[in-house]
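Below is one structure, written out as structure tokens, with a few remarks after it.
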Amino acid sequence: MCDVPSDIIVNGQYVIFRRKEYKKLHLLSEKSTHIFIGKDKVEVSAVLGEKIGSVFKLLPKRGLNRHFSLKLCCLEDLTCSSDSFKDLSSGLDNRNICDDGSSQLLTSDSIEELRDNGITPKAIIEHLIENSKTFQTKTEYSQEKYIKKKEKKYFEFITILRPTIRLLADILYSRDLPKSIGIRLDTLSQISTAINFQPDGCYLLVENGFNGIVAATLLNALSDEGRLIHITPGNQNQKQAVLAMNFSKQRMSQLATVRLSTLKEMTEKTMTTNQTSSVSLGCEKIDDNSKCNVQLNGSDELGDNVNSVVSNVNFMEDENSSAGVEFRKRKFSTLESISTELELKKPRWAMEAEDALEVLKKKVDGLVLACKEFPVNILNKLLTFVLPSRPFVIYSLYQEPLLALYLQLKQRKDVVNLKITETWFRPYQILPQRS
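Mapping of the sequence shown onto UniProt numbering: position 105 corresponds to residue 105, and the numbering continues sequentially without gaps.
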């Protein structure tokens, strides 16, 4: 499971700010001391040094519109205004209510003045109800909906939470359509079940377009002996959810991220090296007589080359012997230092790619493919790295790529037990007089 970090909030840590039903992920740092929660600008430096799960109260700053600071408070300070509005009279329907914009007598400036004066959200909602022309004629459901809407807008308490897979999946899924990942927590659990996930196993994941939520789910469930190879089809590594989980260095060392193009190049390079070594082994089978002739001819040519080199050296020594020797020493020492420096400054992505290739040589216990690209070509390249009788899972937001892949895999003899499932397609037992 995930290594539990310290309960104290520090810089460089991801936390979740929750205000009513609204949740936002934020990375605490010295440069970023403010966060926007809706349209409100909140100064978050007060949360440093406090415990995870602490509740803070929004304090408006005078002279600044919708600018707040945080103050630590107790759970007893939380108030629920909805309980105090249950005895209000309500109407039968809303047919006579006309939304002309003049039903509220309070202006926005007067409401902001109430907030600047330190009036509690409960008192502000009471003022809004008293100065509303249509609130008493609304139905009970409409009144409750109105109160919840105002509570969400004027709610003054914020809770600091530790990121979890459930909260991250909820945050990433509840975004607007262009930014929504389109994958829920129940889908993540079904992927883990279908892959027959084992904590000490080694798994290969291809993910793109889901902000790393699948990688974070699998990495969170690994033990200290497990490994995860994360392959990204694009140039950018989408690891927002992985970083947000605040994994330890030991847990992050179990994750190796590599691009698909880099893995392809390294695999082809390894195959070329193996072919070259096999050719050299075949050349060693030449008979002894021919080998001796080759060596003798080579030695004659080598002698000619040595004589020419010696004559050139003697010529340089006659001209300027000491200067030539020093130049060669400086040249060779510079080349050696450059080669040593290049070896020491090996990029991190290259080291992770080599580590991933070493793991893939032993093959993996399962394959998960969750990306927005067409999965046929990617799957055909990566199935060779999966051990026999091991499962693989392909997730897509659309059924057409899955159907095309299903028909193609059906023609293969090394793939069995294929099945296309949907989260909501489940067998239900309907008993008599129960539906």
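Just so it is clear, CB atoms sit at the ideal spot from N, CA and C, and this is done for glycine as well.
Source: prediction; values computed, not measured.
Taking the alpha helix (DSSP H) that residue i belongs to, which residues open and close that run?
i	result
Tyr14	Per DSSP, Tyr14 belongs to no alpha helix (DSSP H); it is in the beta strand (DSSP E), Tyr14 to Arg19.
Arg62	Taken as a continuous stretch (DSSP letters only), Arg62 belongs to no alpha helix (DSSP H), as it is neither H nor E.
Thr193	Leu185 to Ala194
Tyr141	Glu140 to Tyr154
Val376	Pro375 to Leu382
Tyr173	Ile165 to Tyr173
Lys249	Lys249 to Met252
Lys179	Neither: Lys179 is in no alpha helix (DSSP H) and is coded neither H nor E.
Asn220	Ile213 to Ala221
Just tell me which of the options has its CA closest to the CA of residue i.
i	options	result
Gly209	Leu177, Ile8 and Gly201	Leu177
Pro391	Cys202, Asp93 and Met266	Cys202
Ser29	Ile9, Arg18, Trp349 and Arg19	Ile9
Trp349	Trp424, Gly366, Leu263 and Lys372	Leu263
Lys51	Leu161, Asn65 and Ser110	Leu161
Leu357	Pro388, Cys371, Ile231 and Asn417	Ile231
Asn235	Leu387, Leu403 and Ser261	Ser261
Ser32	Ser45, Lys20 and Leu168	Ser45
Asp414	Ile16, Leu387, Asp224 and His127	Leu387
Leu48	Ser6, Thr267 and Glu21	Ser6
Ile159	Lys249, Ile191 and Ile37	Looking at the sequence shown, residue 159 is not Ile but Thr. Comparing Cα-Cα distances from Thr159 to each of Lys249, Ile191 and Ile37, the minimum goes to Ile37.
Asp186	Arg166, Asp224, Ile195 and Glu156	Arg166
Pro233	Asp116, Lys372, Glu422 and Lys149	Lys372
Gln240	Arg66, Leu172 and Val258	Leu172
Val55	Gly63, Arg19 and Ile111	Arg19
Leu106	Ile119, His127, Lys122 and Asn94	His127
Arg66	His34, Lys249 and Leu222	His34
Gly12	Phe157, Leu205, Glu422 and Ser248	Ser248
Ser180	Asn211, Asn96, Met351 and Lys269	Asn211
Glu207	Ser174, Ile183 and Lys269	Ile183
Lys361	Glu352, Glu225, Ile119 and Thr267	Thr267
Glu112	Leu64, Tyr146, Val416 and Asn96	Leu64
Please list the terminal residues of the continuous beta strand (DSSP E) segment that includes residue i.
i	result
Arg95	Arg95 -> no beta strand (DSSP E), and no H or E assigned at all.
Ile160	Phe157 to Leu161
Thr120	Thr120 -> no beta strand (DSSP E), and no H or E assigned at all.
Below 7 angstroms CB to CB, which residues in the same chain sit around residue i once its five sequence neighbours on both sides are set aside?
i	result
Ser90	Lys138, Thr139, Glu140 and Gln143
Lys363	Phe385, Val386 and Leu387
Ser132	Ser103 and Gln104
Pro375	Leu369, Ile394, Ser396, Pro401 and Leu405
Asp355	Ala256
residue 451	This structure cannot speak to residue 451, because the chain is shown only from 1 to 435.
Asp365	Gln198, Gly201, Cys202, Tyr203, Leu387 and Arg390
Leu88	Gln143
For residue i, which residues in the same chain have their Cβ closer than 8 angstroms to its Cβ, ignoring the five residues on either side in sequence?
i	result
Phe68	Asp40, Lys41, Val42, Glu43, Leu58, Leu59, Pro60 and Lys61
Val359	Cys202, Arg227, Ile229 and Ala256
Tyr14	Leu25, His26, Leu27, Leu28, Pro163, Leu243, Ala244, Met245 and Asn246
Leu168	Leu25, Ile213, Ala216, Ala241, Ala244 and Met245
Ile191	Val214, Thr217, Val368, Ala370, Val393 and Tyr395
Asp288	Confidence in Asp288 is poor, its pLDDT being 48 and thus under 50, which makes the residue's placement too unreliable to answer from.
Leu418	Tyr406, Leu409 and Lys410
With DSSP as the reference, please indicate the residues paired to residue i in a beta bridge.
i	result
Leu72	Phe56
His34	Glu43
His26	Val15
Arg115	In the DSSP output, where bridge partners are listed per residue, Arg115 has none listed.
Lys51	Ile8
Ile394	Leu369
Ser132	Gln104
Arg227	Cys202
His127	Paired residue(s): none; His127 is not in a bridge.
Arg412	Answer by DSSP bridge pairing: none, since Arg412 is not bridged.
Thr257	His230
Glu207	Ala370
Val359	For Val359, which the question treats as bridged, DSSP gives no partner whatsoever.
Val242	In DSSP, Val242 forms no bridge with anything.
Using a Cβ-Cβ cutoff of less than 6 angstroms, which residues in the same chain neighbour residue i once the five nearest sequence positions on both sides are dropped?
i	result
Ile124	Leu114 and Tyr154
Ile129	Phe135
Leu402	Ser396 and Ile420
Ser311	Unreliable positioning characterises Ser311 in this predicted model, as indicated by a pLDDT of 40, which lies under 50. A coordinate reading is not provided.
Asp170	none
Tyr22	none
Leu70	Ala46 and Phe56
Glu156	Lys57, Leu58 and Pro121
Check whether the Cβ of residue i lies closer than 7 angstroms to any heavy atom of the ligand SAM, and answer yes or no.
i	result
Lys413	Absence of the ligand SAM is noted for the structure shown, with no ligands found whatsoever.
Does the beta carbon of residue i come closer than 8 angstroms to any beta carbon on chain D?
i	result
Glu265	Chain labels in this structure do not include chain D; a single protein chain is all it has.
**OP:** Give a yes or no on contact between the region 381–395 and the region 217–225, applying the rule of three or more CB pairs nearer than 8 angstroms.
**Re:** Counting Cβ pairs under 8 angstroms, fewer than three are found: no touch.
Touch test, the region 91–107 against the region 57–75, Cβ-Cβ under 8 angstroms, three pairs minimum: Taking 8 angstroms as the limit for Cβ pairs, the verdict is that the region 57–75 does not touch the region 91–107.
Check your understanding: Does the pairing of the region 369–380 with the region 401–410 give three or more beta-carbon distances under 8 angstroms?
Key -> The region 369–380 is in contact with the region 401–410.
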